[in-house]
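Here's the structure, in structure tokens; my notes come after.
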Amino acid sequence: MSEEEYQTQEISLLKDKEEEQKEEKNPRIKDKEEKEEIIKKEINDRKEYYKKKNSETVICPFNSEHIIKKRKYLRHIRGCPNNPTRKATYGKKYIVENINRPIIKESITKEIEIKRLLPFLEDKIIEKGIDKERKGSEFIRCECNKLTLSQFGEEEIKIMKERVKIIYNYMEKKYTDIFKGIKNNIEKEGKEDELIEEKEIKNIEMPEGWEFQSEKHSKQCISIIKHLIDKKIIINEGDKKQNIIESGAGTGMLSAYYSLIPHSNNTRIYLIDRMTGLRKKYDRFSKRNGDQITRIAADLSDIDLNQLIDEIEINDKIKTLENSTTIIGKHLCGSATDMALRMAISLTKTKRLRGIGIALCCHFKGDGHDDCTIDFFNTLGVRISELTLIHRMAAWGISLNNSNEKTDDLDKKLVGQMCRSILNVARVVWLKNQTKCIIMGKIKYD
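Using UniProt numbering, read the sequence shown as starting at 1 and increasing by one per residue.
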């Protein structure tokens, strides 16, 4: 026998021994069929395991809309865009949850004789969503933010319209000076209130790369800034340092128009908006003109403005004087306006507040539980749920502008305009109660 044949025989003997050893270890496996059955069982067990593994899901603690597989939970938490630890403002002292939301304790007293709470607006509407464990207002997740006019019948809407007219007439008589200053643009006895004229700023050089969103927006921004400068709410001369806080800033276009106007004073602009990843921001144009820009990605309801300014001034080593901070805003929808007003009034504690210039809009998006005027409406016998309905009815003042001249539509349009004025006047009353000297006006754009 040759050496090669001997090695081949030796290898085959070793293989036979290995097979014998395997059979000794698994005495139950005697034939091919049994092996196949075991393999099938293992495959089925594995399928069941992965089926169970993939079916186990959990809800993200930072966003209830994120439903994730349990095995990917930790990876999702680390990368979730709603994870507060990933935000630039995480751990900052100026972030205080719900500091600019009202802490609500409803106390109804009636100054005017109108029906008490409407039967179709019972407390159940707001009690469903009360979150008592949440910091600040219990009504932050209140069910009244789901109220829509489509939920109510014609008879119920008719009652609410009558209530609005009673409240409006009462407020118009009691707050004549405020109604006159606000220029509410409601036709009364055949006359229409005059409107504050739209102002222009001449000889503005537009920098290279400036993108116009629209002619209308540009005119509005320029006019707002010019009015604020004329009323000395914003200063553009001298060497006094000032802070401009643009609330709900978005791309920062409103404050950017101020930066285009020649000014000698030292200005720091704070751009506050909860949105991140905004494109085509105007920050760069303000920086080119020498203004300092600080952008804060946070909700208006959570900003402690005094703490924010203190923190920035420590880094700048420049302390602002009294009456040096102005709050401005162009598109603060609904209750965002109320949060900005609360944020502004907090500056009176440190005597920093110089003035407020906010273009009011989107009254219909507001919710009663976020309004700074809750106590005021309580004195009129108006509950939170009814206040939310007044917000919703304010939409009629805009949406029915181009409607056919039907009696019902005209009445709804009038009520809608009344709702807007009621909400605006209530805000002015609230501001007057917070500060001793406030000059108010409203600019109407066609």
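Glycine included, C-beta positions come from ideal geometry on N, C-alpha and C.
Rounded to whole angstroms, Leu147 and Leu387 show a C-alpha spacing of 11 Å.
Contact between the stretch 223-240 and the stretch 279-293 is absent, with fewer than three C-beta pairs closer than 8 Å. The beta carbons of Ile327 and Ile245 sit closer together than 8 Å.
Scanning His217, Lys70, Glu322 and Arg274 for the CA closest to the CA of Lys349 turns up Glu322. Here Asn315 carries a helix assignment [DSSP, helix/strand/coil]. Between the alpha carbons of Leu74 and Gly91 lies a gap of roughly 21 Å. In the three-state reduction of the DSSP assignment, Ser264 falls in the coil class, being assigned neither a helical nor a strand state. Rounded to whole angstroms, the gap between the alpha carbons of Asn315 and Leu308 is 11 Å. Listed in chain order, the non-local C-beta contacts of Glu172 below 7 Å within the same chain comprise Phe179, local neighbours out to five positions each way being set aside. In this structure, Ile303 sits away from Met275, with a CB-CB distance that is not shorter than 8 Å. Secondary structure at Ser64: coil, using DSSP grouped into helix, strand and coil. With a contact defined as Cβ atoms closer than 8 Å, Asn243 and Arg268 qualify at about 5 Å.
Counting other Cβ atoms within 10 Å of its Cβ, Arg354 reaches 16 or more and is therefore classed as buried. 8 Å or more divides the Cβ of Ile234 from the Cβ of Tyr270. The continuous alpha helix (DSSP H) containing Glu155 extends over residues Glu154 to Lys174. Within 10 angstroms of the beta-carbon of Leu410 lie fewer than 16 other beta-carbons, which makes it exposed. Note on the stretch 315-353: whole alpha helix (DSSP H) runs with a minimum of 4 residues are 336-345, in chain order. The count of Cβ pairs closer than 8 Å, one atom from the stretch 38-47 and one from the stretch 60-80, stays below three, leaving the stretches out of contact. A direct Cα-to-Cα measurement between Leu278 and Ala249 gives close to 11 Å. Inter-residue distance for Asp45 and His76 is about 28 Å (C-alpha atoms, whole angstroms). Leu380 sits in a strand when the DSSP states are folded into three classes. In the structure shown, Arg101 falls within a coil segment according to DSSP collapsed to helix, strand and coil. Looking at the backbone, the Cα of Thr176 and that of Ser346 are separated by about 28 Å. Cβ-Cβ distances below 8 Å link Leu254 to Cys221, Ile224, Ile225, Glu246, Ile328, Gly329 and Lys330 in the same chain, with the five nearest sequence neighbours on each side left out; the list follows chain order.
Counting C-beta atoms within 10 angstroms of its own C-beta, Ala88 has fewer than 16 neighbours from the protein chains shown and is therefore classed as exposed. It is roughly 13 Å from the alpha-carbon of Arg383 to the alpha-carbon of Val164. When DSSP states are grouped into helix, strand and coil, Ala395 belongs to the coil group. When the Cα atoms are used, Pro81 and Glu56 turn out to be separated by approximately 22 Å. According to the DSSP assignment, Arg284 belongs to the alpha helix (DSSP H) that extends over Asp283 to Arg288. If you draw a straight line from the Cα of Gly79 to the Cα of Glu97, it comes to about 23 Å. When secondary structure is reduced to three states using DSSP, Val96 falls in the coil class, being assigned neither helix nor strand. Annotation for Ser247: the continuous beta strand (DSSP E) segment containing it runs Gln242 to Ser247. Pro102 and Ile374 do touch by the CB rule: their CB atoms are close to 6 Å apart, below 8 Å. Annotation for Ala426: Thr373 and Phe376 place their beta carbon closer than 6 Å to its own, counting only its chain and skipping 5 residues before and after. About 15 Å separates the beta carbon of Leu149 from that of Met418, a gap too long to meet the 8 Å contact definition.
Taken through DSSP and simplified to helix, strand or coil, Tyr90 comes out as coil.
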